[in-house]
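Chemist: Residue numbering for the sequence shown follows full-length UniProt numbering, starting at 1 and increasing by one per position.
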Amino acid sequence: MAVQSKLLPPPRTVRQIVSELTSLYLKHRTKISRTVYITLVVALIHRVYNAIAEQKAALRRQAELRAQQTASTGDSDAANKEHKKKRVEINREFFRNLFRLLKIVIPGLRSKELRLLTSHSVFLVLRTLLSLYVAELDGKVVSALVKGRGRDFILGLVWWMLVAVPATFTNSMLQYHQTKLALCYRTRLTNHVHEKYLDNMTFYTLSALDDRIKNADQLITVDVSRFSNSLAELYSNLAKPILDMVIYNYSLSKSVGGEGLFAMALLVQVSANVMRALTPPFGKYVADEARLEGEFRFQHTRLIDYSEEIALYAGHEAEKDGLDKGYFTLIKHVNRILRRRFYHGFMEDFVIKYFWGALGLVLCSLPVFFKIPGQALQNAGDHTESFVKNRRMLLSSSDAFGRLMFSYKEITELAGYTSRVSGLLDVMDEVSAGRFQKKLVSSASIEENALVLQGRGTVEESENIEFTDVPIVSPNGDVLVKKLTFHIRPGDHLLIVGPNGCGKSSLFRILGGLWPVYGGSVKKPSFEDIFYIPQRPYLSRGTLRDQIIYPDSLYEFRAKNGSEDALREILAILEIESIIDRPNGWDAIEEWRDVFSGGLQQRIAMARLFYHKPKYAILDECTSSVTMEMEKTMYETAKGLGTTLMTVSHRRSLWKYHSVILQFDGQGGYVFSELDAERRIKLEDEKEELDTMLRGVEGWEARLKELEA
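1. Please classify residue 471: does DSSP put it in a helix, a strand, or coil?
2. Is the beta carbon of residue 734 less than 8 Å from the beta carbon of residue 132?
3. Measure the CB-CB distance between residue 563 and residue 550 and report whether it falls below 8 Å.
4. For the stretch 260-269 against the stretch 148-161, do three or more pairs of beta-carbon atoms, one drawn from each stretch, fall closer than 8 Å, so that the two count as touching?
5. Round the Cβ separation of residue 638 and residue 607 to the nearest angstrom and send it over; I've been treating them as touching at under 8 Å.
6. What are the start and end residues of the alpha helix (DSSP H) that includes residue 736?
7. Which residue's Cα is closest to the Cα of residue 437: 148, 206, 170?
8. When DSSP builds the beta bridges, which residues end up paired with residue 646?
9. Shortest alpha-carbon distance to residue 556 belongs to which of 611, 519, 595?
10. If you measure between the beta carbons of residue 123 and residue 170, is that distance less than 8 Å?
11. On the three-pair Cβ rule with 8 Å, is the stretch 106-115 touching the stretch 179-188?
12. Alpha carbon to alpha carbon, what distance is there between residue 528 and residue 546?
13. Does the stretch 502-513 come into contact with the stretch 579-588, if we say contact requires no fewer than three beta-carbon pairs (one atom in each stretch) closer than 8 Å?
14. What are the complete alpha helix (DSSP H) segments, minimum 4 residues, inside the stretch 535-594?
15. Is residue 524 near the ligand SAM, with its Cβ less than 7 Å from a heavy atom?
16. Per DSSP, which residues does residue 466 bridge with? Please list them.
17. Could you tell me if residue 553 is buried or exposed, where buried requires 16 or more neighbouring beta carbons within 10 angstroms of its beta carbon?
18. DSSP on residue 672, reduced to helix/strand/coil?
19. Within the chosen definition, does the stretch 91-105 reach the stretch 415-431 through at least 3 CB pairs nearer than 8 Å?
20. Is it true that the CB of residue 278 sits closer than 8 Å to the CB of residue 347?
21. Would residue 465 be called buried (16 or more neighbouring beta carbons within 10 Å of its own) or exposed?
22. Counting only runs of 4+ residues fully inside the stretch 133-204, write out the alpha helix (DSSP H) ranges in chain order.
23. Shortest alpha-carbon distance to residue 567 belongs to which of 624, 485, 603?
24. Classify residue 306 as helix, strand or coil using the three-state DSSP reduction.
25. Would you identify the three-state DSSP class for residue 209, choosing helix, strand or coil?
26. What would DSSP say about residue 250, mapped onto helix, strand or coil?
27. Is residue 634 buried or exposed, if buried means 16 or more other CB atoms sit within 10 Å of its CB?
28. Of the residues 426, 504, 663, which one's Cα is nearest the Cα of residue 100?
29. In angstroms with no decimal places, state the Cα-to-Cα distance between residue 692 and residue 702.
30. DSSP three-state label for residue 98, please.
31. Under 8 Å, do residue 470 and residue 517 count as touching if we go by C-beta distance?
32. Where does residue 332 land, buried or exposed, given buried means 16+ other C-beta within 10 angstroms?
33. Under 8 Å by Cβ, that's how I've got residue 644 and residue 615 pegged, so tell me the actual separation to the nearest angstrom.
Structure (structure tokens):
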């Protein structure tokens with residue numbers, strides 16, 4: 001039986017294999033493209049997920065480190081220092097704070113800010129579409145030039161000029177919307193901050209009872225403005241590049257094919273990773289340079305601070321050697337950075353400008369050498385048009401990608417402003433709720449004082465003033481009086497005396513509602529019924545009339561049926577009616593603290609008291625710069641108005657205007673009793689005589705010994 005031979009297929013060439021694979025790819029091109037795109041999306045999601053997971057792990061490590069440091073130190077200083085050193089990061093906390101601020105600057109769907117933002121978005125889309133049309137128009141103009149069609153060339157130029165009108169208008173509107181958005185954001189945020197800052201005495205408690213905010217003025221005036229500008233700029237700098245990349249890459253993929261675009265993106269990513277791996281740690285270099293600069297500057301500062309000692313030791317040569325060594329170390333490091341920057345700049349310039357540029361030229365030329373589905377290029381003019389259009393879109397897409405990469409710096413800046421502004425809001429919320437963080441610097445037990453500061457007493461509104469077991473605390477947290485108890489009724493004029501730092505000012509702050517009550521109970525009139533006059537009165541920025549009626553406004557003054565004649569009578573009592581005779585009279589505006597002398601300022605403050613006629617008045621050395629006769633006029637007039645006076649003063653001339661006295665000894669003790677002014681003056685005179693006699697005892701004893709010898 002004959003064996004039949006099998007027919008073997010002829011060997012295939014490489015060209016045939018490539019042709020078959022190409023045919024197979026083109027047959028399933030849609031499915032393969034979708035698979036590639038889905039893979040890219042999944043890879044992107046996976047990368048974002050890993051980045052978030054790494055950030056969460058880093059945050060947990062930082063939290064554990066802060067907890068360990070706080071536990072090891074046992075006080076709040078370590079936590080505060082760690083908080084200051086903590087870097088502002090783009091994490092969940094940043095987005096939470098940002099969303100909180102966004103709710104403030106864009107309060108609702110019908111707000112003006114949202115309408116501006118929507119209009120801004122429309123112009124961003126319009127600008128991208130116009131740029132895409134200009135790219136196509138560029139290709140047509142160059143194609144007409146290559147084909148030698150003058151009519152088409154002129155027509156293309158006409159269209160170019162016509163498109164310039166909406167394009168320039170769109171650019172101007174984008175800049176207008178961005179600036180307007182920044183102003184609207186700042187207005188909303190400033191109004192919100194002002195409402196919190198000036199509500200419930202937060203502006204005072206923030207500086208006096210809490211240590212977390214050191215520069216509220218800068219945060220409100222500067223950082224709020226920078227946050228608003230950064231937020232408005234970031235939207236344009238993020239939305240526009242993202243929109244450009246999506247539209248340009250989609251149009252480019254239709255023109256050159258998704259395969260070429262994917263291959264170029266892959267090569268760019270690989271080269272970028274290689275370049276990143278070869279990039280020196282410039283961040284560390286800059287930090288080291290700053291450290292060396294600081295050390296070099298510190299050497300000069302130390303030379304200035306100890307110049308006398310160094311001169312006496314003749315140590316100038318030793319100091320010169322130290323300065324030269326510090327400078328040499330700094331310059332050596334700077335030269336090292338310079339060399340690294342040279343090599344890195346050479347590599348970066350070559351890869352970005354030339355290697356990536358060559359990849360772009362290859363990508364744009366694909367329709368010329370290969371047949372792209374959906375493309376029908378017949379001649380050189382069509383090839384030129386396609387190349388110019390593709391290159392224009394590629395350059396625009398690359399520019400958008402670059403702006404998107406550089407926007408990370410802007411995001412970090414926004415994160416910094418967001419952290420500072422939201423931190424201010426958080427602290428103001430806690431301060432308004434009565435939660436303070438104050439560093440304790442005390443001569444007594446810090447733990448004991450901390451227990452007192454954690455407590456809270458009760459405050460009731462009453463016609464009388466009554467303190468029951470109320471601790472008096474200094475600004476640094478030192479408990480001056482553990483339990484203060486006294487009471488006065490209307491007409492019981494109180495004199496308060498004692499050494500400096502004994503608790504007099506703290507008592508007034510509690511009465512004024514500025515400080516919390518850390519224990520016991522306080523009964524006092526409403527805030528409007530207590531008026532405070534310090535030794536150096538506050539003169540507001542405004543008219544002369546405003547200085548008398550402060551804190552009332554002109555509208556409130558008119559609503560109370562106030563008149564300039566009544567104010568003139570008050571000034572006449574104080575013998576200062578001549579101040580009205582200046583230019584513009586009551587409406588004169590000056591920097592009054594520079595215009596009025598100390599005594600005149602105290603008379604203005606007393607004029608405020610006569611105008612408001614409160615039930616109680618706290619007078620803190622408010623007559624130290626006036627004569628005895630004017631002091632008598634002030635006190636007698638105030639008592640005649642029915643105002644109960646509470647005075648802090650060491651002047652004997654004021655004792656006769658008071659009926660009770662609260663005397664602090666500066667050691668935590670106090671005495672509250674009736675005041676007999678005449679008897680107290682006699683006792684004080686007798687005490688001074690005895691002190692004078694006692695000071696002479698040593699001299700008399702020495703003289704007696706001389707006589708006996």
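Note that CB positions come from ideal geometry on N, CA and C, so glycine has one too. These figures come from a predicted structure and were not determined experimentally.
Modeler: Considering the structure as presented:
1. Translated into positions along the sequence shown, residue 471 becomes position 471. Reduced to three states, the DSSP call for residue 471 is strand.
2. In the structure displayed, the chain extends from 1 to 709; residue 734 sits before or after that span and is not available.
3. Position 563 of the sequence shown, counting from 1, holds the residue named residue 563. Position 550 of the sequence shown, counting from 1, holds the residue named residue 550. Cβ atoms of residue 563 and residue 550: not closer than 8 Å.
4. With the cut-off at 8 Å, the stretch 260-269 and the stretch 148-161 do not touch.
5. Taking the sequence shown and counting its residues from 1, one reaches residue 638 at position 638. Taking the sequence shown and counting its residues from 1, one reaches residue 607 at position 607. Separation of the CB atoms of residue 638 and residue 607 is rounded to 11 Å, and the pair is thereby denied contact status at 8 Å.
6. For the chain, the structure presents residues 1 to 709; residue 736 sits outside this window and is missing.
7. Numbered from its first residue, the sequence shown carries residue 437 at position 437. If we check each option's Cα against that of residue 437, 206 comes out closest.
8. Within the sequence shown, the letter at position 646 stands for residue 646. For residue 646, which the question treats as bridged, DSSP gives the partners 494, 618.
9. Stepping through the sequence shown from its first residue, residue 556 is reached at position 556. Checking every option, the nearest Cα to that of residue 556 belongs to 611.
10. As a first step, residue 123 is located in the sequence shown; it is residue number 123 there, counting from the start. As a first step, residue 170 is located in the sequence shown; it is residue number 170 there, counting from the start. Contact flag set, yes.
11. Taking one beta carbon from each stretch, the stretch 106-115 and the stretch 179-188 have 3 or more pairs nearer than 8 Å; the two touch.
12. Position 546 of the sequence shown holds residue 546. Position 528 of the sequence shown holds residue 528. About 18 Å.
13. Contact fails: fewer than three Cβ-Cβ distances are below 8 Å.
14. Runs found: 544-549, 554-559, 564-573.
15. This structure lacks the ligand SAM; in fact it carries no ligand of any kind.
16. As a first step, residue 466 is located in the sequence shown; it is residue number 466 there, counting from the start. Within the DSSP bridge table, the entry for residue 466 names 487, 523 as partners.
17. Residue 553 sits at position 553 when you count from the first residue of the sequence shown. A residue is called buried when at least 16 other Cβ atoms come within 10 angstroms of its Cβ; residue 553 does not meet this threshold and is exposed.
18. By one-based count along the sequence shown, residue 672 stands at place 672. Correct three-state label for residue 672: strand.
19. The stretch 91-105, when compared against the stretch 415-431, does touch it at the 8 Å Cβ threshold.
20. Counted from its first residue, the sequence shown places residue 347 at position 347. Counted from its first residue, the sequence shown places residue 278 at position 278. Yes, these two residues count as a Cβ contact at 8 Å.
21. Along the sequence shown, one-based indexing puts residue 465 at 465. Counting of Cβ neighbours within 10 angstroms places residue 465 among the buried residues, the total reaching 16 or more.
22. Counting only runs of 4 or more, we get 150-197.
23. Residue 567 sits at position 567 when you count from the first residue of the sequence shown. If we check each option's Cα against that of residue 567, 603 comes out closest.
24. In the sequence shown, counting from the first residue as 1, residue 306 sits at position 306. Here residue 306 sits in coil by DSSP.
25. On the sequence shown, residue 209 is found 209 positions in, with the first residue counted as 1. Reduced to three states, the DSSP call for residue 209 is coil.
26. Counting from one through the sequence shown, the residue named residue 250 turns up at place 250. Residue state for residue 250 is assigned as helix, using DSSP reduced to three classes.
27. Position 634 of the sequence shown, counted from the start, is the residue given in the question as residue 634. Around the beta-carbon of residue 634, 16 or more other beta-carbon atoms lie within 10 Å, marking it buried.
28. Locating residue 100 in the sequence shown gives position 100, where the first residue counts as 1. Considering only alpha carbons, the answer is 426.
29. In the sequence shown, residue 692 corresponds to position 692, counting from 1. In the sequence shown, residue 702 corresponds to position 702, counting from 1. The straight-line gap from Cα to Cα measures roughly 17 Å.
30. In the sequence shown, the residue the question calls residue 98 occupies position 98. Three-state result, residue 98: helix.
31. Against the sequence shown, residue 470 aligns to sequence position 470. Against the sequence shown, residue 517 aligns to sequence position 517. Against a cut-off of 8 Å, the Cβ pair of residue 517 and residue 470 comes out as a contact.
32. Reading the sequence shown from its first residue, position 332 is the one you call residue 332. So residue 332 counts as exposed.
33. The count along the sequence shown starts at 1 and reaches residue 644 at position 644. The count along the sequence shown starts at 1 and reaches residue 615 at position 615. Between residue 615 and residue 644 the Cβ distance is about 6 Å, and since that is below 8 Å, they are a contact.
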